[in-house]
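Each residue of the sequence shown is one higher than the one before, starting from 31 at the first, in this note's numbering.
The C-beta atom is built at its ideal place from N, Cα and C for all residues, glycine as well.
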Amino acid sequence: MTKYFHYREIDFGLSTSDEDTDLDQRKSEHGLGPFEFWDGNDLLPIFKRGMKRGIESKESFNILNTKSEYDNDIARTVPCGVQDDVLFLVDLEVIGHWKNLLADDNGTWRQTGKRVNYVNLLGDTHTLSTKQEVTSGFKLIRYPYVSSSSDDFHRVIILLENISSRNIQRLCIVQYYFDGTVHPIRIKPHGNSKSSKPFMKTMESTKNVIKEKAKLNTPKTVYHDVIKDLGGIESITSCGQKARDVQQIKNFRRENKLDDVVEVLNMSKESDSYIKKISLSPEFSVVLTTEQQLLDIERFCTNPEGFCILGVDTTFNIGDYYVTLTTYRNLHLLTHSNVHPVMIGPSLIHHRKLYESFVQLPSTMLELKPTLKNVMCIGSDGEKNLYSSFQNTFSGSKHLLCDIHMRDNIKRKLRELSVEQEASSIILRDIFGTNYGSTKARGLVDCEDRINFQEELDEVINKWSSINSPSSSKIQEFIVYFKEKKAHMIRNCMTAEIRTQCGLGMPPEPFTQNPNECMNRVIKMKQPGEKTKLSPAAFIQKLQGVVQRQEDDAVLAVLGQGDLKLADDYKHLAVSESKYYRMSMNQKSAVRKRFLSAKVCSKIQVSSQGSDNIREHNLSVLPQNSGIASVPFEILKGMFAKAAGLVASKVDIVKAPGQTSNTYFVTNASSSEPHSVKVGQRPFDLACDRSCFRWCSFKICQHVLAVAEIRSQLNQFCEYFRKSSTEPSLSSMTAFGAPSDRGKKASKATQRRKGPQRETVISYADDETQMNFSRDVQFSDLTSISSTSLPLPSSLAVSPLPSLASSGTVAHPTTSVNQISTISSPDRPNPLPGSYHISLLQLCDRRVTRCYGCKGYLKFNGTIPEPPNDLVIVTKCNREYNKDGVPHTTTAPCNVYFHMNIQCVKKQNEYFIPAFIFIPQCVKEKLSECHKSVLKSIGLKV
Numbered sequence: 031m032t033k034y035f036h037y038r039e040i041d042f043g044l045s046t047s048d049e050d051t052d053l054d055q056r057k058s059e060h061g062l063g064p065f066e067f068w069d070g071n072d073l074l075p076i077f078k079r080g081m082k083r084g085i086e087s088k089e090s091f092n093i094l095n096t097k098s099e100y101d102n103d104i105a106r107t108v109p110c111g112v113q114d115d116v117l118f119l120v121d122l123e124v125i126g127h128w129k130n131l132l133a134d135d136n137g138t139w140r141q142t143g144k145r146v147n148y149v150n151l152l153g154d155t156h157t158l159s160t161k162q163e164v165t166s167g168f169k170l171i172r173y174p175y176v177s178s179s180s181d182d183f184h185r186v187i188i189l190l191e192n193i194s195s196r197n198i199q200r201l202c203i204v205q206y207y208f209d210g211t212v213h214p215i216r217i218k219p220h221g222n223s224k225s226s227k228p229f230m231k232t233m234e235s236t237k238n239v240i241k242e243k244a245k246l247n248t249p250k251t252v253y254h255d256v257i258k259d260l261g262g263i264e265s266i267t268s269c270g271q272k273a274r275d276v277q278q279i280k281n282f283r284r285e286n287k288l289d290d291v292v293e294v295l296n297m298s299k300e301s302d303s304y305i306k307k308i309s310l311s312p313e314f315s316v317v318l319t320t321e322q323q324l325l326d327i328e329r330f331c332t333n334p335e336g337f338c339i340l341g342v343d344t345t346f347n348i349g350d351y352y353v354t355l356t357t358y359r360n361l362h363l364l365t366h367s368n369v370h371p372v373m374i375g376p377s378l379i380h381h382r383k384l385y386e387s388f389v390q391l392p393s394t395m396l397e398l399k400p401t402l403k404n405v406m407c408i409g410s411d412g413e414k415n416l417y418s419s420f421q422n423t424f425s426g427s428k429h430l431l432c433d434i435h436m437r438d439n440i441k442r443k444l445r446e447l448s449v450e451q452e453a454s455s456i457i458l459r460d461i462f463g464t465n466y467g468s469t470k471a472r473g474l475v476d477c478e479d480r481i482n483f484q485e486e487l488d489e490v491i492n493k494w495s496s497i498n499s500p501s502s503s504k505i506q507e508f509i510v511y512f513k514e515k516k517a518h519m520i521r522n523c524m525t526a527e528i529r530t531q532c533g534l535g536m537p538p539e540p541f542t543q544n545p546n547e548c549m550n551r552v553i554k555m556k557q558p559g560e561k562t563k564l565s566p567a568a569f570i571q572k573l574q575g576v577v578q579r580q581e582d583d584a585v586l587a588v589l590g591q592g593d594l595k596l597a598d599d600y601k602h603l604a605v606s607e608s609k610y611y612r613m614s615m616n617q618k619s620a621v622r623k624r625f626l627s628a629k630v631c632s633k634i635q636v637s638s639q640g641s642d643n644i645r646e647h648n649l650s651v652l653p654q655n656s657g658i659a660s661v662p663f664e665i666l667k668g669m670f671a672k673a674a675g676l677v678a679s680k681v682d683i684v685k686a687p688g689q690t691s692n693t694y695f696v697t698n699a700s701s702s703e704p705h706s707v708k709v710g711q712r713p714f715d716l717a718c719d720r721s722c723f724r725w726c727s728f729k730i731c732q733h734v735l736a737v738a739e740i741r742s743q744l745n746q747f748c749e750y751f752r753k754s755s756t757e758p759s760l761s762s763m764t765a766f767g768a769p770s771d772r773g774k775k776a777s778k779a780t781q782r783r784k785g786p787q788r789e790t791v792i793s794y795a796d797d798e799t800q801m802n803f804s805r806d807v808q809f810s811d812l813t814s815i816s817s818t819s820l821p822l823p824s825s826l827a828v829s830p831l832p833s834l835a836s837s838g839t840v841a842h843p844t845t846s847v848n849q850i851s852t853i854s855s856p857d858r859p860n861p862l863p864g865s866y867h868i869s870l871l872q873l874c875d876r877r878v879t880r881c882y883g884c885k886g887y888l889k890f891n892g893t894i895p896e897p898p899n900d901l902v903i904v905t906k907c908n909r910e911y912n913k914d915g916v917p918h919t920t921t922a923p924c925n926v927y928f929h930m931n932i933q934c935v936k937k938q939n940e941y942f943i944p945a946f947i948f949i950p951q952c953v954k955e956k957l958s959e960c961h962k963s964v965l966k967s968i969g970l971k972v
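Here it is as structure tokens:
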């Protein structure tokens with residue numbers, strides 16, 4: 031840190047008159063006047079007096095280049111208030127920055143130029159030149175000034191700089207002179223000043239100290255600290271040693287941007303700080319929240335009886351950082367449109383969009399308020415790192431995706447693939463449905479459960495595959511993209527089943543991020559004079575102001591004022607405005623606290639007949655505190671009530687005999703045969719039998735709740751159930767009690783008579799007519815062949831290689847019906863592990879449908895494409911596959927298949943060499959000319 035310039039006393043050793051006489055004689059020998067100090071200040075000896083023009087450059091260099099000849103003539107302080115014809119030789123090591131010389135208590139000066147002379151040293155002699163002739167030596171720099179208060183008063187500052195090191199030498203010259211007679215000068219105010227107060231410049235060292243102190247302190251504090259550090263007002267000998275006034279310090283704060291991190295750290299030290307956590311590594315991030323925001327989220331987002339969605343979204347273009355906001359709705363209030371108002375929740379400032387960045391926000395929320403682990407539902411725009419961080423922290427929560435963002439993403443993909451508008455409209459309608467007046471046509475997002483979704487998905491994909499459009503190949507690309515990237519997200523986060531569980535009604539409304547987008551606009555609104563980009567500290571102050579205004583608006587609703595009003599269930603909290611203003615401060619605080627801490631009212635009506643019993647026998651966990659959102663609350667509350675009755679009876683739950691038994695028998699209200707509840711490997715892992723309707727539907731029932739309660743494991747069971755992401759199955763509900771062999775034929779005689787399944791092989795006659803025929807091929811016994819017509823457009827054929835039909839090659843297969851009838855199982859490809867064979871799809875297992883490299887389709891709906899696209903590359907390896915989302919690998923090598931495309935193979939084996947591909951003789955015999963052309967194009971001999 032730059033320090034101030036402090037005066038210090040120097041012992042010159044001039045205690046005797048003899049030494050004074052010797053010094054005067056020595057100065058006289060050099061043409062200098064008698065030894066004297068300016069204004070009696072022994073730190074400021076006058077080097078020369080009486081000069082009526084600026085000192086010559088050669089003479090100034092001789093003085094500055096001296097070693098120790100003039101040591102006692104050197105000034106150790108800044109000349110101040112000098113109005114005479116005098117010259118000083120000043121020690122810069124003592125006074126600090128040379129610009130301190132500009133603050134000489136003589137007001138403002140006008141610089142009239144800058145002259146540079148280069149000193150070229152030649153042995154003991156030197157020459158001065160205005161041009162640099164050598165790379166070593168010195169540079170003599172002259173700064174001439176004219177006083178703004180008197181045009182005949184001049185100042186000259188001369189510095190000596192080493193050319194090689196660019197360092198200014200220790201000594202410098204400061205000269206003052208008048209054109210005529212010396213006279214006193216009346217210092218004028220600054221040219222921009224509106225007052226008549228004389229202007230006094232502040233020293234450069236003092237400016238630097240002020241700037242450093244202003245980063246962490248208020249302007250008034252800085253002003254007094256500077257004076258205190260100098261030893262008090264009595265110790266100040268120059269106006270330039272302190273700030274002119276507090277306004278000067280305020281100007282420095284505006285002109286010099288403070289360090290963002292230091293500024294935020296300083297703010298965090300305030301009592302009841304809005305800043306709850308600051309991280310500096312691996313990135314700068316700040317978590318912002320109030321205690322009231324955390325309490326509101328606990329009240330409005332964790333109670334199954336009545337909850338809102340905790341929205342989360344990242345916004346941009348506020349500063350050189352991201353801001354992630356959470357939002358919720360205040361269920362105690364209504365707007366004039368009778369909807370619950372959106373409120374800003376805890377927020378995060380961060381520099382990157384990584385999982386490690388986003389997780390700072392939910393983890394800090396949970397740390398400050400552990401009850402937030404029961405957050406019921408989270409809504410996002412689908413940014414993976416963002417929603418993953420919240421779901422992993424609030425592990426029992428549901429996740430909703432924004433309908434608008436998903437629609438926009440799919441539209442964007444269709445445009446990228448250049449899918450025609452008509453086909454795009456069909457695809458969007460099939461996914462999101464469409465409204466016809468008051469009636470809505472269902473889409474994938476309206477499916478009731480996972481099974482229904484899969485059935486609908488298969489149906490719409492078949493529909494899209496059959497769209498007759500010039501962009502059919504692009505539609506196939508979209509199908510692959512949709513199945514891999516979007517289908518599972520819609521199934522898990524957008525279906526009617528999920529939206530109903532998250533409180534969006536039945537039939538449910540679509541979920542959107544409009545509340546978050548609204549709050550993003552609020553915090554981005556610019557005030558008059560506000561900068562385009564805000565520093566983190568400035569934004570924190572702005573956001574805190576918005577949050578405080580929202581809280582004040584909520585309290586005003588209690589008084590019947592403002593833009594909000596109390597919901598019907600909370601009007602008992604209202605206080606008249608006139609009564610409120612007559613209350614004491616403590617009474618007003620009590621009104622505010624009562625409203626801001628009021629719980630959500632129960633929406634469940636309990637019959638008077640059973641209310642006393644339920645109130646008397648409660649489980650250790652109440653249904654509203656269980657955090658379970660996958661079961662409708664009325665059903666869940668009934669389960670808890672029945673479980674409480676079973677526990678209270680003390681005779682309805684019996685453990686099976688045996689010390690190691692892990693089975694409990696629970697009274698069955700509808701049958702004399704009890705239900706059996708088994709305990710798994712973990713003590714809270716409980717399962718009821720298949721005869722329990724509630725268990726089959728929701729994987730939770732009153733029987734397991736009762737057993738968990740008597741084992742003192744109810745809280746752990748609820749936590750385990752929330753994290754298991756169990757979804758109610760409508761199919762299981764409707765199928766409960768139905769015969770297990772429903773839909774099956776009692777005898778398999780017809781199936782035996784018809785023989786095993788057959789596979790359809792499609793080929794095309796020519797490109798003009800696109801005539802197609804089908805052959806039922808039975809690989810085990812090809813003795814009967816039937817021909818049928820199947821209208822399938824040629825656009826559905828897989829095209830891993832460019833089509834050869836346009837180049838004149840015959841597009842129809844040369845393999846005749848008789849040739850196909852000779853295909854038998856020995857012709858199926860059987861390469862050794864690591865070797866690669868060429869084969870035809872007709873010769874492969876009928877279950878082969880996908881390329882092991884690009885994961886694209888080899889066949890569509892069991893249909894083999896036209897030649898040469900029925901060529902495949904086959905090898906044998908331990909195949910990787912996913913089962914229930916878990917990666918597995920086959921224990922023994924098995925065949926895998928690739929498009930006739932080298933890049934597909936290289937996705938699995940980057941060292942693959944096409945020249946080593948083997949073509950079995952049985953395959954060569956069945957190759958057509960178009961097949962051979964493709965194989966020759968990659969260097970294979972046929």
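Beta-carbon spacing of residue i, residue j below 9 Å
i      : j      : result
Leu117 : Val256 : no
Gln113 : Ile215 : yes
Leu158 : Leu119 : no
Ser419 : Tyr466 : no
His929 : Cys881 : yes
Leu340 : Val405 : yes
Arg752 : Gly336 : no
Ser235 : His127 : yes
Tyr207 : His184 : yes
Cβ shell of residue i (< 6 Å), same chain only, five flanking positions each side left out
i      : result
Ala686 : Thr693
Arg106 : Ile40, Leu73, Asp121 and Val124
Val186 : Gly84, Pro174 and Gln205
Arg172 : Arg145 and Ile188
Pro249 : Val276, Ile279 and Lys280
Per-residue burial, residue i [other beta carbons within 10 Å of its own, 16 or more giving buried]
i      : result
Gly61  : Residue confidence is low: Gly61 scores 47 on pLDDT, short of 50, so the model does not pin down where it sits. Its coordinate-derived value is still stated next. The residue is exposed, with fewer than 16 neighbouring Cβ atoms inside 10 Å.
Ile968 : exposed
Ser166 : exposed
Met373 : buried
Ile5   : The chain is shown only over 31 to 972; residue 5 falls outside these bounds and no answer can be derived.
Thr232 : buried
Glu664 : exposed
Ile943 : exposed
Met524 : buried
Phe747 : buried
Closer than 8 Å: residue i CB and nearest the ligand FMN heavy atom
i      : result
Pro545 : Within the structure as shown, the ligand FMN is missing, as the structure has no ligands at all.
Paired residues, beta bridge with residue i - DSSP
i      : result
Lys554 : Per DSSP, none; premise fails for Lys554.
Trp139 : Ser177
Close-in-space but distant-in-sequence residues of the same chain around residue i (CB under 7 Å, 5 per side omitted)
i      : result
Thr879 : Tyr887, Leu888 and Lys889
Thr401 : Glu328 and Thr332
Cβ-based neighbour list, residue i, same chain, cut-off 8 Å, excluding 5 preceding and 5 following
i      : result
Pro713 : Arg741, Gln743 and Gln746
- Message: Using 8 Å as the cut-off, can you tell me whether the stretch 386 to 400 makes contact with the stretch 317 to 328, which would need three or more C-beta pairs spanning the two stretches below that distance?
- Response: Yes, the stretch 386 to 400 is in contact with the stretch 317 to 328.
- Message: For the pair the stretch 512 to 521 and the stretch 530 to 544, tell me if three or more CB-CB distances fall below 8 Å.
- Response: Taking a contact to require three or more Cβ pairs closer than 8 Å, the stretch 512 to 521 and the stretch 530 to 544 do not qualify as touching.
- Is the stretch 254 to 273 touching the stretch 304 to 315 in the sense that three or more CB pairs, one from each, lie closer than 8 Å? Segments in contact, no.
- Message: Taking 8 Å as the cut-off, does the stretch 425 to 435 touch the stretch 399 to 416 (at least 3 CB pairs, one atom from each stretch)?
- Response: By the Cβ test, the stretch 399 to 416 is in contact with the stretch 425 to 435, since at least three Cβ pairs between them sit closer than 8 Å.
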